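Below is one structure, written out as C-alpha coordinates; comments come after it.
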Amino acid sequence: MQPPVLSEPAEAIVVLTGGQSRVKAGINLLKEKRGKRLLISGVHPSTNEEALQRATHADKSLFACCIDLDRTALNTVGNAAESERWIRANDYHRVIVVTNNYHIPRSILEMSSRMKDVEFIPYPVVNGEKREQSWVAEGDTLRVLFTEYVKYLGAVVRLGSASFYGNGASHGGDMRE
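Have a look at this one:
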(Lines of atoms letter the chains of each structure in order from A; the text may use other names.)
(Lines give C-alpha, C1' and ligand atoms only; values in the text may rest on other atoms or scores of the structure.)
Protein backbone atom coordinates (compact mmCIF):
# COMPACT_ATOMS: atom_id res chain seq x y z
CA MET A 1 0.00 0.00 0.00
CA GLN A 2 1.59 3.25 -1.17
CA PRO A 3 0.75 6.76 0.02
CA PRO A 4 -1.79 8.31 -2.33
CA VAL A 5 -1.10 11.20 -4.60
CA LEU A 6 -3.26 13.88 -3.03
CA SER A 7 -4.78 15.89 -5.84
CA GLU A 8 -6.67 18.19 -3.51
CA PRO A 9 -5.95 18.97 0.13
CA ALA A 10 -7.99 17.75 3.04
CA GLU A 11 -9.21 19.98 5.83
CA ALA A 12 -7.20 18.15 8.47
CA ILE A 13 -4.65 15.43 9.16
CA VAL A 14 -4.73 12.85 11.95
CA VAL A 15 -1.61 10.86 12.85
CA LEU A 16 -2.02 7.74 14.96
CA THR A 17 1.20 7.47 16.95
CA GLY A 18 3.37 4.42 17.06
CA GLY A 19 6.51 5.57 15.34
CA GLN A 20 8.49 8.65 14.34
CA SER A 21 7.94 7.99 10.64
CA ARG A 22 4.19 8.44 11.08
CA VAL A 23 4.57 11.76 12.88
CA LYS A 24 7.15 13.00 10.37
CA ALA A 25 4.86 12.07 7.47
CA GLY A 26 1.96 13.95 9.07
CA ILE A 27 4.07 17.04 9.70
CA ASN A 28 5.36 16.94 6.11
CA LEU A 29 1.77 16.80 4.84
CA LEU A 30 0.96 19.82 7.01
CA LYS A 31 4.01 21.71 5.70
CA GLU A 32 2.87 20.87 2.15
CA LYS A 33 -0.51 22.41 3.04
CA ARG A 34 -2.37 19.12 2.52
CA GLY A 35 -4.42 20.01 5.60
CA LYS A 36 -4.96 23.10 7.76
CA ARG A 37 -4.44 21.39 11.10
CA LEU A 38 -2.86 18.23 12.48
CA LEU A 39 -3.87 16.03 15.40
CA ILE A 40 -1.25 13.64 16.76
CA SER A 41 -3.34 11.06 18.60
CA GLY A 42 -2.02 8.78 21.31
CA VAL A 43 1.01 10.81 22.36
CA HIS A 44 2.61 9.29 25.46
CA PRO A 45 1.93 11.51 28.51
CA SER A 46 5.66 11.87 29.23
CA THR A 47 6.47 13.08 25.70
CA ASN A 48 6.62 16.84 25.57
CA GLU A 49 6.13 19.14 22.61
CA GLU A 50 9.81 20.08 22.47
CA ALA A 51 10.84 16.42 22.11
CA LEU A 52 8.40 16.01 19.22
CA GLN A 53 9.76 19.16 17.59
CA ARG A 54 13.34 17.89 17.84
CA ALA A 55 12.47 14.39 16.60
CA THR A 56 10.55 15.70 13.59
CA HIS A 57 12.65 18.80 12.83
CA ALA A 58 9.49 20.91 12.92
CA ASP A 59 9.70 24.49 14.04
CA LYS A 60 7.96 25.79 17.13
CA SER A 61 5.66 28.10 15.17
CA LEU A 62 4.15 25.13 13.29
CA PHE A 63 3.33 23.42 16.59
CA ALA A 64 1.94 26.67 18.02
CA CYS A 65 -0.39 27.39 15.12
CA CYS A 66 -1.42 24.10 13.66
CA ILE A 67 -0.64 20.97 15.72
CA ASP A 68 -2.77 19.51 18.50
CA LEU A 69 -1.69 16.65 20.75
CA ASP A 70 -3.99 13.96 22.14
CA ARG A 71 -2.54 12.22 25.19
CA THR A 72 -5.68 10.24 26.06
CA ALA A 73 -5.87 7.50 23.41
CA LEU A 74 -4.24 4.21 24.38
CA ASN A 75 -5.25 2.10 21.37
CA THR A 76 -6.96 2.29 17.98
CA VAL A 77 -10.46 2.53 19.47
CA GLY A 78 -9.24 5.39 21.66
CA ASN A 79 -7.58 7.05 18.64
CA ALA A 80 -10.92 6.95 16.82
CA ALA A 81 -12.78 8.39 19.83
CA GLU A 82 -10.31 11.24 20.37
CA SER A 83 -10.11 11.94 16.65
CA GLU A 84 -13.90 12.14 16.52
CA ARG A 85 -13.97 14.74 19.32
CA TRP A 86 -11.35 16.83 17.52
CA ILE A 87 -12.93 16.44 14.06
CA ARG A 88 -16.41 17.32 15.35
CA ALA A 89 -15.13 20.28 17.40
CA ASN A 90 -13.48 21.70 14.28
CA ASP A 91 -16.26 20.72 11.85
CA TYR A 92 -13.96 18.83 9.48
CA HIS A 93 -15.36 16.61 6.73
CA ARG A 94 -12.26 15.53 4.78
CA VAL A 95 -9.40 14.10 6.85
CA ILE A 96 -6.12 12.38 5.99
CA VAL A 97 -5.31 9.48 8.34
CA VAL A 98 -1.60 8.69 8.72
CA THR A 99 -0.53 5.37 10.22
CA ASN A 100 1.47 2.26 9.32
CA ASN A 101 0.43 0.53 6.12
CA TYR A 102 -0.71 -2.62 7.93
CA HIS A 103 -2.78 -0.53 10.38
CA ILE A 104 -4.72 1.48 7.77
CA PRO A 105 -7.68 -0.91 7.24
CA ARG A 106 -8.58 -1.15 10.94
CA SER A 107 -7.96 2.54 11.60
CA ILE A 108 -10.21 3.61 8.75
CA LEU A 109 -12.85 1.05 9.83
CA GLU A 110 -12.87 2.38 13.41
CA MET A 111 -13.04 6.02 12.32
CA SER A 112 -15.59 5.65 9.55
CA SER A 113 -17.89 3.61 11.81
CA ARG A 114 -18.05 6.62 14.16
CA MET A 115 -18.14 9.36 11.53
CA LYS A 116 -20.07 8.28 8.47
CA ASP A 117 -20.27 11.88 7.24
CA VAL A 118 -16.48 12.32 7.14
CA GLU A 119 -14.28 11.33 4.19
CA PHE A 120 -11.13 9.60 5.41
CA ILE A 121 -8.13 9.49 3.10
CA PRO A 122 -5.67 6.75 4.08
CA TYR A 123 -2.01 7.75 4.06
CA PRO A 124 0.02 4.60 4.77
CA VAL A 125 3.56 4.81 6.10
CA VAL A 126 6.14 2.01 5.99
CA ASN A 127 8.70 1.84 8.77
CA GLY A 128 12.19 2.53 7.45
CA GLU A 129 13.62 -0.88 8.31
CA LYS A 130 10.71 -2.68 6.62
CA ARG A 131 11.26 -0.68 3.45
CA GLU A 132 14.83 -1.95 3.13
CA GLN A 133 14.35 -5.68 3.64
CA SER A 134 12.33 -8.62 2.45
CA TRP A 135 9.73 -8.46 5.20
CA VAL A 136 7.90 -11.62 4.12
CA ALA A 137 10.74 -13.76 5.48
CA GLU A 138 10.86 -11.93 8.80
CA GLY A 139 9.10 -13.74 11.66
CA ASP A 140 8.48 -10.56 13.65
CA THR A 141 6.84 -8.88 10.68
CA LEU A 142 4.63 -11.87 9.97
CA ARG A 143 3.59 -11.89 13.63
CA VAL A 144 2.68 -8.19 13.48
CA LEU A 145 0.69 -8.69 10.27
CA PHE A 146 -1.14 -11.73 11.65
CA THR A 147 -1.93 -9.94 14.92
CA GLU A 148 -3.22 -6.90 13.05
CA TYR A 149 -5.37 -9.11 10.83
CA VAL A 150 -6.93 -10.77 13.89
CA LYS A 151 -7.56 -7.33 15.44
CA TYR A 152 -9.16 -6.18 12.19
CA LEU A 153 -11.47 -9.21 12.15
CA GLY A 154 -12.36 -8.53 15.79
CA ALA A 155 -13.25 -4.93 14.92
CA VAL A 156 -15.38 -6.09 11.98
CA VAL A 157 -17.29 -8.48 14.24
CA ARG A 158 -17.65 -5.93 17.07
CA LEU A 159 -18.81 -3.13 14.81
CA GLY A 160 -21.02 -5.41 12.73
CA SER A 161 -22.75 -6.96 15.73
CA ALA A 162 -23.30 -3.57 17.34
CA SER A 163 -24.85 -2.33 14.12
CA PHE A 164 -26.98 -5.47 13.78
CA TYR A 165 -28.26 -5.37 17.37
CA GLY A 166 -28.33 -1.59 17.59
CA ASN A 167 -26.89 -1.64 21.09
CA GLY A 168 -24.31 1.10 20.63
CA ALA A 169 -21.49 -1.23 21.66
CA SER A 170 -19.55 -0.32 18.56
CA HIS A 171 -17.64 2.37 20.39
CA GLY A 172 -16.57 0.45 23.46
CA GLY A 173 -13.62 2.32 24.87
CA ASP A 174 -12.56 -0.61 27.04
CA MET A 175 -11.68 -2.82 24.09
CA ARG A 176 -8.01 -3.68 24.08
CA GLU A 177 -6.18 -3.00 20.89
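Numbering of the sequence shown is given in the UniProt record's numbering, commencing with residue 1 and proceeding in unit increments. Glycine included, every Cβ here is placed at the ideal spot set by N, Cα and C. A quick note: this is a predicted structure, and the numbers were derived from the prediction, not measured.
Exposure of residue i, with buried meaning 16 or more beta-carbon neighbours within 10 Å
i      : result
Ser7   : exposed
Ile13  : buried
Arg106 : buried
His103 : buried
Cα-Cα separation between residue i and residue j, rounded to whole angstroms
i      : j      : result
Cys66  : Ala55  : 17 Å
Arg88  : Val156 : 24 Å
Gly26  : Ser161 : 33 Å
Ser83  : Asn127 : 23 Å
Gln53  : Arg85  : 24 Å
Asp140 : Leu62  : 36 Å
Val95  : Phe120 : 5 Å
Lys24  : Val43  : 14 Å
Tyr92  : Arg114 : 14 Å
Test item: CB-CB of residue i and residue j under 8 Å
i           : j      : result
Thr72       : Glu110 : no
Asn100      : Pro124 : yes
Val98       : Val5   : no
residue 230 : Arg37  : Since the first residue of the chain shown is 1 and the last is 177, residue 230 is not available in this structure.
Taking 8 Å as the cut-off, does the segment 140 to 149 touch the segment 28 to 36 (at least 3 CB pairs, one atom from each stretch)? Result no; under three Cβ-Cβ pairs closer than 8 Å.
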